[in-house]
Amino acid sequence: MTVLARFVVRHRWWIIVCWAFLAVAGGFAAPRATNALSYEGSLPGRSGYETNQEILAKFGSGGENAPVVLAVTARGERLGPPQAARIAAAVEAVRPGGRLVTWQQEPDLLAADGRTGVLLVYPRPLPGAPEPYARVLPSLEAAAGKAGAATGTTLAVTGQAALAEGGGGGDAGVLAETLFGGIGALIVLVLVFGSLLAATPLVVAVASILTTFLLMWGLTTVTDVSFIVQYLLALIGLGVAIDYALLIVTRWREERGRGAGPEEAVVRAIGTAGRAVLFSGLTVAISLAALIALPVPFLRSVGFTGLLIPLISVVTALTLLPALLLVAGRRLDWPHRRRSEPDSRLWRGIATVVVRHRWVAAAASAVVLLALAAPVAGLRLGSPSNDSVTSAGGRAAQALRTVQDAGIGDGITQPVEVLTRDPARTRAVVGAVDGVAGVAGPQEWRRGAWSVVDVWTAEDPATAEGAAAAGRVRTAAEDSGARVGGLPAQDADFVDAVYGNAWWIAAIIVVVTFLLLARALRSVVLPLKALLLNVLSLAAAYGVTVLIWQEGHGTEFLFGQSASDAVTTWVPVAVFSFLFGLSMDYEVFLLSRIREEYRLSGSTDRATVDGVARTGRLITCAAVILFLAFVSLSRVPATDVKILATALALGILIDATIVRGVLAPALVAALGRANWWLPGHRGDRAE
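The sequence shown stops at residue 1257 when you use our numbering, and every number in between is there.
This is the structure:
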């Protein structure tokens, strides 16, 4: 690290020029990169996905694209065939191609009292578009209004696409969310430094984010990259880059306060804090690289782009940041210079109490973490429920409630689509399955030897009961020789593809992280302890996320919508990959400083108190900045991104307080000299 630091000192201006060029190029590339992002969720080789692709190829619609649902309510006594025919004709006029079925053709689409009916409409989707029905939906809504007036009925458009469009405020864009997070980070940095020095971590973060966008643009030319990546890159990149810069800037100020010159302070800061940043960044990158091994293109793209975030952040923190510190010099102290001593009286007091009562502190904090983790036992993977997406209100939400109240079946928005050569037999088989509310497969839904039969469940497929019913439908249909697609089948395949391989990927992450930490901390015990605490921290984050989003405790208050009744299928594995590495950052920051203090004093207790006192403020500030970045991420309209942001924010909050503030120092103090055991190594100093 000293060689790198000396290189930066000698070539500071060239380094700044290079990063400025990369940032400008990244600014040019960013909008082009976001325009090239993919909105497809392919699962090559999985039967549900392959069936959906075949349905789309043969029929031009459907498959993974859920239908548009037209809810029709009679103003008189009952709905009749003439009304169905006139409404269907009006819809056909604005819906080129695709499929359509009415209650006139399929009685299961008519409520028992005859006053509410449904038309299932499958328009031709826009390939690769964020909203596949964006072009046709306004025309359908206009046609529905005219048809309702002409037939004496009340018509409203609902379904997955209409609910997504009418569910609220729209997307403010990645720039707006990043700006929100950046302002919060700047406020924290100003409170910490009280001078222009506060701007340096932000400058580093901007350069890091823009450079990563440049690399992402290149990545989009060779593979599909998910649209979700732009939010992760900008907001997590903001938090991570500032965290790493904050660690080095804090150590640089500390060394300056001890009398070191600007250049020597940079060398010392890179040699100590820079080393911790390097190992922290590698840990995060390894965790995210594991996503590349999953047989899911969407998550692979998250892994490819995600690992760039910590790597570029590390490089900017180790090169651009010290160059800026050297070039700006004393100007960074304007308008006044805060004291450079990192010691926090608050954290020294907490650490003193924790070390004095180490076993009580360890037991109490472990009990709290286990209590927070308890709800994870009831974790259920799936899509956001109808109740969750209708809670935002609007005409589409009201129309769906009308359909639900009529008893037509909550699963109507996500039917199971069965591709069959024998539709009569398929209808008989799936119609007899427990939990099925209705079946539709008119003669018009035939292409050559193949027909499509839609089956919808009484309960929402996003609920446990609905998912179980959809699973029974799939089993019965496949046993009869048919092929099964639709969103429920593809969701089930996604879970199997991800979590069928998750255990060995997690094992690889754990083993590689252990080896990396053993090298960084020169100990076998400390990495084992760090991994154990990470598991507890992750479990607690998962548990509280289940409590909020699946069980609905606080969802209305925090997000203004109902619980999702499930955690989105891809979120837990993404949370593991991001949070495992990010929370390990704080462990490395803390333990590296404790080890440094131990080498000076030879006392584990004193080193623990000094280490916590001298990193407590830093870890708190870094955690607050990262927390604010995740709060910004939670403002994204997509419910699955909100769930991800919730889990990440909770994980950072729990980790920076209960784990690193209490449990970690308590265990270090309790283990004493055993902390520093490494086979073949006698330790740094005697206790």
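Where a beta carbon is used, it is the ideal one built from N, C-alpha and C, also for glycine.
Here the structure is a predicted model, which means the values were calculated and not measured.
Note on geometry: alpha-carbon atoms of residue 578 and residue 832 lie some 12 Å from one another. Ranking 771, 627, 689, 576 by CA distance to the CA of residue 649 puts 689 first.
Counting C-beta pairs closer than 8 Å gives three or more between the region 1150-1167 and the region 1097-1105, which meets the contact rule.
With fewer than 16 other Cβ atoms inside 10 Å of its own Cβ, residue 646 counts as exposed. Between residue 665 and residue 691 a beta carbon distance of about 6 Å is seen, short of the 8 Å cut, so the two are scored as contacting. Taking 8 Å as the upper bound for CB-CB distance, residue 1116 and residue 1137 are in contact here, some 6 Å apart. Setting aside the 5 residues that flank it on each side, residue 1242 is surrounded in the same chain by 1174, each with a C-beta closer than 6 Å to its C-beta; the list follows chain order.
Around residue 1129, the same chain offers 1204, 1212 as residues with beta carbons nearer than 8 Å, after the five sequence neighbours per side are excluded. Checking the DSSP bridge columns, you'll see residue 1053 partnered with 989. Rounded to whole angstroms, the separation of the alpha carbons of residue 846 and residue 571 is 11 Å.
A Cβ-Cβ contact shorter than 8 Å links residue 625 with residue 987. With the rule of 3 Cβ pairs closer than 8 Å, the region 1065-1082 does not count as touching the region 1029-1040. Under DSSP, no beta-bridge partner is assigned to residue 863. Of the other Cβ atoms in all chains shown, 16 or more fall within 10 Å of the Cβ of residue 796; this residue is therefore buried. Look at residue 782 here: in three-state DSSP terms it is helix. Residue 964 and residue 746 have their C-alpha atoms spaced approximately 25 Å apart.
If you draw a straight line from the Cα of residue 946 to the Cα of residue 575, it is about 45 Å long. In the three-state reduction of the DSSP assignment, residue 1069 falls in the helix class, which pools H, G and I. One thing to note: residue 1110 has its Cβ within 8 Å of the Cβ of residue 942.
Partner residues in the beta bridge of residue 644, as assigned by DSSP, are 723. When the beta-carbon positions are compared, residue 875 and residue 789 come within less than 8 Å of each other. Rounded to whole angstroms, the separation of the alpha carbons of residue 936 and residue 997 is 54 Å.
Looking at the DSSP output, residue 1020 sits in a beta bridge with 1017.
Taking 8 Å as the cut-off, the Cβ atoms of residue 786 and residue 774 do not count as close. The three-state reading of DSSP puts residue 1007 in strand, counting E and B together.
Excluding its 5 nearest sequence neighbours in each direction, residue 894 has C-beta neighbours in its own chain below 6 Å: 770, listed in chain order. DSSP, reduced to helix, strand and coil, places residue 574 within a helical segment of the structure shown. In the three-state reduction of the DSSP assignment, residue 612 falls in the coil class, being assigned neither a helical nor a strand state.
Scanning its chain for C-beta atoms nearer than 6 Å, with the 5 sequence neighbours on each side dropped, one finds around residue 671 the residues 690, 1010, 1012, in chain order. Taken through DSSP and simplified to helix, strand or coil, residue 631 comes out as coil.
For the pair residue 1188 and residue 817, the CB atoms are nearer than the 8 Å cut-off. Residue pairing by DSSP places residue 686 opposite 643 in a beta bridge. When DSSP reads this structure, residue 729 sits in a beta bridge with 638. Linking residue 842 to residue 1083 through their CA atoms gives a straight-line distance of about 20 Å.
By the C-beta density criterion, residue 891 is buried, having at least 16 other C-beta atoms within 10 angstroms. For residue 796, the three-state secondary structure derived from DSSP is strand.
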